[in-house]
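Taking my numbering, the leading residue of the sequence shown gets 7, the next gets one more, and so forth.
The C-beta atom is built at its ideal place from N, Cα and C for all residues, glycine as well.
What you are looking at is a predicted structure, and each value in this text was computed from that prediction instead of being measured.
These notes concern the structure reproduced below.
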Amino acid sequence: MSTRTQLQAATDAYVQHNFDPRYKRRVDSLNNVITEQLGDLSDRYILSPLATKKDLVDQKLQLQLQNQLSKNSSGAINKEIDRLNTKFDALVPHEAATQALESAIDIASKEYLEVLQKYNQASMESNFSTQLRLVEIAEPGSAQPSKKMLLVIISGVVSFVFCVAVLFILFFFDYSVKMLMNWPIGPERRY
């Protein structure tokens with residue numbers, strides 16, 4: 007029975023230390039000791055008529071021992087799982103807080119860069135020796151649509167009128183055309 011309690015304590019230690027091989031050797035050696043002790047008990051009564059009964063009792067004790075070991079190890083494993091789950095549940099809110107702080111840092115750094123840019127622009131403008139003068143005052147409001155098509159049409163009409171005027175002037179001042187018109191038509195014509 008004392009070996010059985012030592013085995014139970016060793017199994018608990020084995021599970022709690024994340025299945026460390028040092029504790030596994032201790033559990034295996036205690037299992038071997040219990041097996042030898044059960045063998046010694048059964049060997050004492052080889053000639054006894056109660057030997058079969060004793061073998062069955064020993065087998066029952068061994069099965070009970072294995073059952074208790076499996077229950078204890080599963081209980082220790084469940085405790086370890088519960089402990090790890092509580093640690094994990096404690097980490098989840100911290101992760102959310104960390105992400106919130108990271109996003110706040112990003113926003114603050116962007117704001118800082120904008121303010122720094124405005125400060126640099128203002129300091130650069132204040133260091134200029136010449137002041138900028140407003141040449142033309144802009145009208146408030148939205149930009150008006152382009153008048154490109156209207157200008158093309160007007161330029162076409164003006165070009166047409168100019169060409170007609172030039173042709174008219176050439177025709178008016180050209181004497182050769184007038185003389186041809188005044189000459190008689192027929193065989194008496196001289197060139």
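Which residue comes first and which comes last in the alpha helix (DSSP H) that contains residue i?
i: Ser161; result: 154-179
i: Gln12; result: 8-22
Does the distance from the CB of residue i to the CB of residue j come in under 7 Å?
i: Val39; j: Thr11; result: no
i: Arg32; j: Ala16; result: yes
i: Gln72; j: Leu44; result: no
i: Leu47; j: Leu13; result: no
i: Val21; j: Ile87; result: no
For the candidate residues the options, whose alpha-carbon lies nearest to that of residue i?
i: Lys85; options: Lys66, Leu156, Asn24, Gln74; result: Asn24
i: Gln65; options: Asn78, Glu42, Ile87, Phe179; result: Glu42
Any heavy atom of the ligand NAD closer than 6 Å to the beta-carbon of residue i?
i: Glu142; result: In the structure on display, the ligand NAD does not appear, and there are no ligands present to speak of.
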